[in-house]
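Chemist:
Protein chains: 2
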Amino acid sequence: MTIFVYCIQNGYLVTMKISSSDLGKQAYHKVKQMIVSKKLLPGQKIVQEQLAEQLGISRTPLRDALQRLEAELLVESIPRRGVVVRQFNDREIVEIYECRIALEVTAVRLFAEKAQQSQIDGLRKLLEPFEHTNEIDEKAYQKADSNFHDTIIKRSGNQFLYQLFQKGNLLVCIDAIGLVRPPKETLQEHLDIVTAIHNRDGAKAASLLKEHLEKSKRLIVENPGYEN
Amino acid sequence: MTIFVYCIQNGYLVTMKISSSDLGKQAYHKVKQMIVSKKLLPGQKIVQEQLAEQLGISRTPLRDALQRLEAELLVESIPRRGVVVRQFNDREIVEIYECRIALEVTAVRLFAEKAQQSQIDGLRKLLEPFEHTNEIDEKAYQKADSNFHDTIIKRSGNQFLYQLFQKGNLLVCIDAIGLVRPPKETLQEHLDIVTAIHNRDGAKAASLLKEHLEKSKRLIVENPGYEN
DNA sequence: ATACAAAAATTGTCATTAATTCTTTTGGAA
DNA sequence: TTCCAAAAGAATTAATGACAATTTTTGTAT
Chain A
16 MTIFVYCIQN GYLVTMKISS SDLGKQAYHK VKQMIVSKKL LPGQKIVQEQ
66 LAEQLGISRT PLRDALQRLE AELLVESIPR RGVVVRQFND REIVEIYECR
116 IALEVTAVRL FAEKAQQSQI DGLRKLLEPF EHTNEIDEKA YQKADSNFHD
166 TIIKRSGNQF LYQLFQKGNL LVCIDAIGLV RPPKETLQEH LDIVTAIHNR
216 DGAKAASLLK EHLEKSKRLI VENPGYEN
Chain B
16 MTIFVYCIQN GYLVTMKISS SDLGKQAYHK VKQMIVSKKL LPGQKIVQEQ
66 LAEQLGISRT PLRDALQRLE AELLVESIPR RGVVVRQFND REIVEIYECR
116 IALEVTAVRL FAEKAQQSQI DGLRKLLEPF EHTNEIDEKA YQKADSNFHD
166 TIIKRSGNQF LYQLFQKGNL LVCIDAIGLV RPPKETLQEH LDIVTAIHNR
216 DGAKAASLLK EHLEKSKRLI VENPGYEN
């Protein structure tokens, strides 16, 4: 399918084609979705021809997609053996958390210092539905939580940091891990962070977020089954 | 070419073939080298057929390589338009530095807390050739500097962090940027950091490294030509 | 059960074809 | 003539299918 877009460029009306024919990128998103939604299980081998047929494409764009996913550490490719969905053990999850803390704390400081007021308000709005209520829908909260952290990183103003988050796939991994602590506990922490941002207190926001994330990390470390 | 490796696996002698036939990975390393060594210039378009012929391979493995390099942010692919070598402006270099600071400060804390004594000694040895001398060879120092920081990250014990550094290509970018400050200035800072690590003072090492990197970052920001 | 050999499945690579973009040429109006 | 727009042609990328190399599975004999 091809879509035509008309726009003004250098004062002239130009027609631009936006072709949705990039099978590689499409496949990338689909396979990523399949991994996150556990349709492809960790450790499972991906048979290329089979999956390609399932997606209705040939192997070349699928291989492109797998290449990307390997770079994002979501799959592992062993030459001549094939590609398997990567699985993270507890030690690796803690490693991921440590990286996340390092980058996200930096992001929140930048956000507090530079973000526009409307962006701060937007962040605040994400939390509203869950205030003043006892029955918190876990699924909705998880989504809001994910959005909350994503917004801070995306709007930090440091685009490279955001790319690193995506390419390093920290967000996806963290989504896959799911909620570590109950909403009741984390909601207040989120609110406090927003307050600090609102006051443009970057250092305070950073230390609050750090403690917020460290708590979750500690829970994973102290989890039975964690091997040091 | 095929190489056979003999090794003991589960108590049995096993022969393993290591085929260097992975053209994709080979091409990846070659092209990466070409970018770092400026044989392919920033902004330059890569014509796939041309480069493939130059490397003596077909376009399929070259595309694999470019896919990887795109994930590492070293090249940029515009669908149906081609692949160009990515160039970083000052603003992006600062962004890269901010990410580097976040991750490397975390790494040095872990290193100070967990590293074996021999690793700390190894770090110290890297600096020795440049002490007690007035004539510092810039090139040799740059290599030592690069090794110094690489060691801290690699031996932090957090493998994911190291992968993130590689995939995010922070190290390569930083190598490409080169020395920001004169050796005389940074050598003493490096020595102080080693001392803190030697004393297992993670917090001290972290704050010293942070200041060390922040100084370089500030120099870039204050550089004429930096657009905020 | 174990070890080996043959068969099947799967991956990596290439050459070809189709689709898209870029460049040049052509034609017409100011 | 000069400028712009449309059309034709060349160049380049994307995708498909086919083939060869390699691994995994299956079957058979020890």
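Sequence lines, in order, name chains A and B.
One rule links them: number in this note's numbering = place in the first sequence (from 1) + 15.
One rule links them: number in this note's numbering = place in the second sequence (from 1) + 15.
C-beta atoms are modelled at their ideal positions from N, C-alpha and C, and glycine is treated no differently.
For clarity, every value in this text was computed on a predicted model and none was experimentally measured.
(1) What in chain B is Cβ-close to Asn173(A), meaning under 8 Å?
(2) Could you confirm whether any beta carbon from chain B is found closer than 8 Å to the beta carbon of Gln82(A)?
(3) Please classify Val100(B): is it buried, with 16 or more other beta-carbons within 10 angstroms of its beta-carbon, or exposed?
(4) Would you kindly work out how many angstroms separate the C-alpha atoms of Leu186(B) and Ile111(A), rounded to a whole number?
(5) Rounded to whole angstroms, how far is the Cβ of Ile151(A) from the Cβ of Val98(A), which I believe are closer than 8 Å?
(6) Can you give, in chain order, each stretch of the alpha helix (DSSP H) that sits fully within the stretch 122-169 of chain A and has at least 4 residues?
(7) Answer with yes or no whether the minimum CB distance from Gly217(B) to chain A is below 8 Å.
(8) Using 8 Å as the limit for Cβ to Cβ distance, is Gln131(B) near chain A?
(9) How many Å lie between His227(B) and Ala117(B) at the Cα?
(10) Name, please, each residue of chain B whose Cβ falls closer than 7 Å to the Cβ of Phe190(A).
(11) Going by DSSP, what residue range makes up the alpha helix (DSSP H) through Gly58(A)?
(12) If we define contact as Cβ-Cβ less than 8 Å, is Glu107(B) a contact residue for chain A?
(13) Starting from Gln178(B), find everything on chain A with Cβ-Cβ shorter than 7 Å and list it in chain order.
(14) On the DSSP letters alone, give me the boundaries of the alpha helix (DSSP H) that Glu64(B) sits inside.
(15) Distance cutoff 8 Å, beta carbons only. Does Lys232(A) sit that close to anything in chain B?
(16) DSSP on Leu28(A), reduced to helix/strand/coil?
(17) Can you tell me whether Gly183(A) is buried or exposed, with buried defined as 16 or more other CB within 10 angstroms of its CB?
(18) Which residues of chain A have a Cβ atom closer than 8 Å to the Cβ of Gly97(B), listed in chain order?
(19) Could you give the first and the last residue of the continuous beta strand (DSSP E) run that contains Ser92(B)?
(20) Label Asp160(B) either buried or exposed according to how many other C-beta atoms from any shown protein chain fall within 10 Å of its C-beta, with 16 as the threshold for buried.
(21) Are there 16 or more other CB atoms within 10 angstroms of the CB of Ile93(A), so buried, or fewer, so exposed?
(22) May I ask you to report which of helix, strand or coil DSSP gives Val195(A)?
(23) Just to confirm before moving on: does the CB-CB distance between Leu89(A) and Lys47(A) stay below 8 Å?
(24) For Asn162(B), I'd like the list of residues in its chain whose CB is within less than 7 Å of its CB, leaving aside the five on either flank, ordered along the chain.
(25) With a threshold of 16 other CB atoms inside 10 Å of the CB of Ser171(B), please say whether the residue is buried or exposed.
(26) Go through its chain and collect everything with a Cβ distance to Gln181(B)'s Cβ below 7 Å, but skip five positions before and after it.
(27) Is Arg196(B) buried or exposed, if buried means 16 or more other CB atoms sit within 10 Å of its CB?
(28) Is Ser34(B) helix, strand or coil when you go by DSSP?
(29) If the criterion is Cβ atoms closer than 8 Å, does the pair Lys169(B) and Tyr177(B) meet it?
(30) Just to confirm, is the Cβ distance from Leu179(B) to Glu153(B) under 8 Å?
(31) Where do the ends of the beta strand (DSSP E) carrying Gly217(A) lie?
(32) For Cys22(B) and His164(A), I'd like the C-alpha separation in whole angstroms.
(33) For the alpha helix (DSSP H) that contains Gln82(A), what are its first and last residues?
(34) For the stretch 116-128 of chain A, which residues have a CB atom closer than 8 Å to at least one CB atom of chain B, in sequence order?
(35) On the criterion of 16 or more Cβ atoms from any shown chain inside 10 Å, does Thr253(A) qualify as buried, or is it exposed?
(36) So with CB distances below 8 Å, who are the chain B contacts of Pro57(A)?
Modeler: Inspection of the coordinates gives the following:
(1) Glu110, Glu113, Cys114
(2) yes
(3) buried
(4) In a straight line, the C-alpha of Leu186(B) is about 19 Å away from that of Ile111(A).
(5) That belief does not hold up - the Cβ atoms of Ile151(A) and Val98(A) are roughly 39 Å apart, past 8 Å.
(6) The qualifying runs are 132-142, 153-169.
(7) no
(8) no
(9) Approximately 13 Å between the Cα atoms of the pair.
(10) The sequence as given places Asp at residue 190(A); Phe does not occur at that position. Chain B residues near Asp190(A): none, gap ~16 Å exceeds 7 Å.
(11) Gly58(A) -> no alpha helix (DSSP H), and no H or E assigned at all.
(12) yes
(13) Leu88
(14) 63-70
(15) no
(16) Low confidence applies here, because Leu28(A) scores a pLDDT of 37, under 50, leaving its location unreliable; read the following figure in that light. Correct three-state label for Leu28(A): strand.
(17) Gly183(A) comes out buried.
(18) Chain A residues near Gly97(B): none, gap ~13 Å exceeds 8 Å.
(19) 90-93
(20) buried
(21) Of the other Cβ atoms in all chains shown, fewer than 16 fall within 10 Å of the Cβ of Ile93(A); this residue is therefore exposed.
(22) Three-state result, Val195(A): coil.
(23) yes
(24) Apart from sequence neighbours up to five positions away, the residues of its chain that approach Asn162(B) with a beta-carbon distance below 7 Å are Leu141, ordered along the chain.
(25) buried
(26) none
(27) exposed
(28) Reliability fails at Ser34(B), whose pLDDT of 40 lies under 50, so the model's placement of it is uncertain and no value is given.
(29) yes
(30) no
(31) Gly217(A) -> not in any beta strand (DSSP E); alpha helix (DSSP H) instead, spanning 217-237.
(32) Reliability of the predicted coordinates at Cys22(B) is poor, the pLDDT of 38 falling under 50, and no value is obtained from them.
(33) 74-86
(34) Ile116, Ala117, Leu118, Val120, Thr121, Leu125
(35) Missing from the structure shown is residue 253(A); chain A here goes from 16 to 243 and no further.
(36) Result: empty, since nearest Cβ-Cβ is about 16 Å, beyond 8 Å.
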